[in-house]
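Asker: Numbering (our numbering), first residue to last: 966 to 1173. Quick reminder that beta carbons are idealized off the backbone N, C-alpha and C, glycines included. Handing you this structure, nothing more for now.
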Ligand code: 3PG
C-alpha cells in the first residue's frame, strides 16, 4: 500500500482516541461496516498500541494506522503493533527518517509552504495538513495548491460534516480526517450503531 492507495480507501479517515482497548474491535467493525476502512488510532492513550494490535488481528477489513506519531520510537512501535500507515501532527528530519524506515506509507504533518517544501525535497508528496481550520482552512489549502500542485493533503483539525465536502472538493485533498465520527460519549456507551451511522454519512461525502 502507498499513500495513493490510502487516499483511495475512503474520503474520510476517522481519527480515534481510545481509552479502553476493549472498544477497539467493535469500534473498528462499526467504522468498516459504515464504509470507512482506514482508521487512525492516535498514540495519545495507554490503550493505543494494544488497540492497534487488536484491530490488526481481529478486523481484517480494516486498514489500521497510527496517529500522533511524534517520535522515532512511536513509528517503530506502531509498525510492530500492526499499523499499516503512520500519521504525524508535524515533522522533523529524525521523525521523517524513522517513519520512512518502517517501510509503511506515512503522512507527515505540515501547516506551511516551507514545511511542505522541506518534505518535497525528500520526495514526499503526501502530507497531513494540520491543524487545518486554525491554520487557514480551505482558502489556505487552496492557495498552497497554486505553487505546490504536486502535493496531496489529508487535512485534519476542525473538520466536521459541515466543512468536509469543501475540503474534499479541492484537487490537492486526498482525504480528510477527524474525530467527529467517534464521539467519546458514544464510545463510553458502546453505541456502535451511532458510530456506524456517522461513518455511513461520511462515506457518502465522496465515492471512495
Ligand atoms: C488530529 O489529531 O488529527 C486532530 O486532533 C483531529 O482534530 P479534530 O478533533 O478537530 O477532528
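Take every Cβ of the segment 1010 to 1024, pair it with every Cβ of the segment 1058 to 1068, and state whether three or more of those distances are shorter than 8 Å.
Answerer: The segment 1010 to 1024 is not in contact with the segment 1058 to 1068.
Asker: With which residues is residue 1025 paired in a DSSP beta bridge?
Answerer: Answer is none; residue 1025 lacks a bridge partner.
Asker: Does residue 967 pass the burial test, meaning 16 or more other C-beta atoms within 10 Å, or should it be called exposed?
Answerer: It is exposed - the Cβ of residue 967 has fewer than 16 other Cβ atoms within 10 Å.
Asker: How big is the Cα-Cα spacing for residue 992 and residue 1088?
Answerer: Spanning the two alpha carbons is a distance of roughly 35 Å.
Asker: Bridge partners for residue 1182 per DSSP, in chain order?
Answerer: The first residue shown for the chain is 966 and the last is 1173, placing residue 1182 beyond what the model contains.
Asker: Leaving aside the five residues before and after residue 1044 along the sequence, list all residues of the same chain whose C-beta is less than 7 Å from its C-beta, in chain order.
Answerer: Cβ within range, chain order: 1067 and 1069.
Asker: So which of 1118, 987, 1160 and 1159 has the shortest CA-CA distance to residue 940?
Answerer: In the structure as shown, the chain begins at 966 and stops at 1173. Residue 940 is therefore absent and cannot be evaluated.
Asker: What residues in its chain sit with their C-beta under 6 Å from that of residue 1046, if we drop five residues either side in the sequence?
Answerer: If we look at residue 1046 and ignore the five residues flanking it on each side, its Cβ neighbours are 1014, 1017 and 1018.
Asker: Which residues bound the alpha helix (DSSP H) around residue 972?
Answerer: Residues 968 to 974.
Asker: Note down the Cα distance separating residue 1075 from residue 1084, rounded to an integer number of angstroms.
Answerer: If I take the Cα positions, the gap works out to 9 Å.
Asker: Give the secondary structure of residue 1154 by DSSP, where H, G and I count as helix, E and B as strand, and everything else as coil.
Answerer: Here residue 1154 sits in helix by DSSP.
Asker: Using CA atoms only, rank isn't needed, just tell me which of 1031, 1024 and 1135 is closest to residue 981.
Answerer: The shortest Cα separation from residue 981 among 1031, 1024 and 1135 belongs to 1031.
Asker: Rounded to a whole number of angstroms, what is the C-alpha to C-alpha distance between residue 1055 and residue 1049?
Answerer: Distance between the alpha carbons of residue 1055 and residue 1049 is about 19 Å.
Asker: Identify every run of the alpha helix (DSSP H) within the segment 1091 to 1160, keeping only runs that are complete inside it and at least 4 residues long; order them along the chain.
Answerer: Segments of the alpha helix (DSSP H) lying fully in the segment 1091 to 1160: 1097 to 1100, 1102 to 1109, 1126 to 1133 and 1149 to 1154.
Asker: Within the chosen definition, does the segment 1140 to 1154 reach the segment 1098 to 1110 through at least 3 CB pairs nearer than 8 Å?
Answerer: At 8 Å Cβ cutoff, the stretches do not touch.
Asker: Can you tell me where the alpha helix (DSSP H) holding residue 1046 begins and where it ends?
Answerer: That run of the alpha helix (DSSP H) goes 1037 to 1046.
Asker: Just the C-alpha distance for residue 1156 and residue 1090, rounded to the nearest angstrom, thanks.
Answerer: Going from the Cα of residue 1156 to the Cα of residue 1090 covers about 37 Å.
Asker: Cβ of residue 1121 versus every heavy atom of the ligand 3PG: is any distance shorter than 6 Å?
Answerer: Result yes, Cβ under 6 Å from the ligand 3PG.
Asker: In its own chain, which residues sit with a C-beta less than 7 Å from the C-beta of residue 1037, not counting the 5 before and 5 after it?
Answerer: So the list reads 1059, 1060 and 1063, once near-sequence residues are dropped.
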